[in-house]
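For the sequence shown, the working numbering gives the first residue as 292, with consecutive numbering after it.
Even glycine gets a Cβ: it sits at the ideal position worked out from N, Cα and C.
Reviewing the structure listed below.
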Amino acid sequence: MSQLTFWFGCALVALIAEFVSGTFYLLMVALALACGGIAAWLGAPEHWQWLAASVSGSAGLFAIYRRRRKLMRPPAPQDDPDWGQQVEIRALTTPGHARIHYRGAEWDALLLDNRLDAGGTGYISGREGNLFKISSQQPQ
């Protein structure tokens with residue numbers, strides 16, 4: 292089988308699979324395989340074809356990953372009953388993290404402001420699982 296047939300055949304299979312599944316990830320894989328085919332068509336050695344496909348595929352997948360992360364919106368914090376509640380900062384654990392006292396228990400927290408210190412108070416401005424995000428000003 293010629294190299295051109297291999298690269299463009301695999302690209303076509305990935306493109307058809309993308310049409311069936313509807314993900315942009317397979318589209319990037321198809322484009323990466325096409326880049327390998329273009330390198331073969333230009334007469335590049337086989338290891339350069341694989342390098343072109345790998346680099347273009349990695350760049351495409353990374354671009355989609357970053358775009359999806361950027362477009363993802365966090366859930367509306369107003370739905371959280373803890374949003375805006377005042378907490379007491381008990382102790383600083385690691386840089387940017389602390390233990391807080393809230394609702395009769397101690398919790399792990401991420402400090403969003405450098406002004407927050409042990410013994411002070413802060414306000415809940417978000418949460419990731421059981422990790423509260425604490426700011427020095429009450430959120431609107």
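Comparing alpha carbon positions, the residue from V311, E397, Q428 closest to G375 is Q428.
For the pair A331 and Q294, the Cα-to-Cα distance works out to about 6 Å. Annotated as distal: A343 and L383, with beta-carbon spacing of 8 Å or more. The alpha-carbon of G327 is positioned some 14 Å away from that of G351. Where G348 is concerned, the enclosing alpha helix (DSSP H) starts and stops at 337 to 362.
Counting along the chain, no beta strand (DSSP E) covers G411, and no H or E run does either. Beta-bridge partners of V378 (DSSP): G413. Leaving aside the five residues that flank A389 on each side, the residues in its chain whose CB is nearer than 6 Å to its CB run, in chain order, I380, L383, A400, L402. Taking 8 Å as the cut-off, the Cβ atoms of S347 and A323 count as close. Leaving aside the five residues that flank S426 on each side, the residues in its chain whose CB is nearer than 7 Å to its CB run, in chain order, L403, D404, G413, Y414, S416.
The Cβ atoms of L317 and A302 lie no closer than 8 Å to each other.
When DSSP states are grouped into helix, strand and coil, S312 belongs to the helix group.
A325 counts as buried, since at least 16 other C-beta atoms from the protein chains shown sit within 10 angstroms of its C-beta. Counting only the Cα atoms, Y393 lies some 44 Å from S349. Measuring C-alpha to C-alpha distances from G395 to each of P386, L407, V378 identifies V378 as the nearest.
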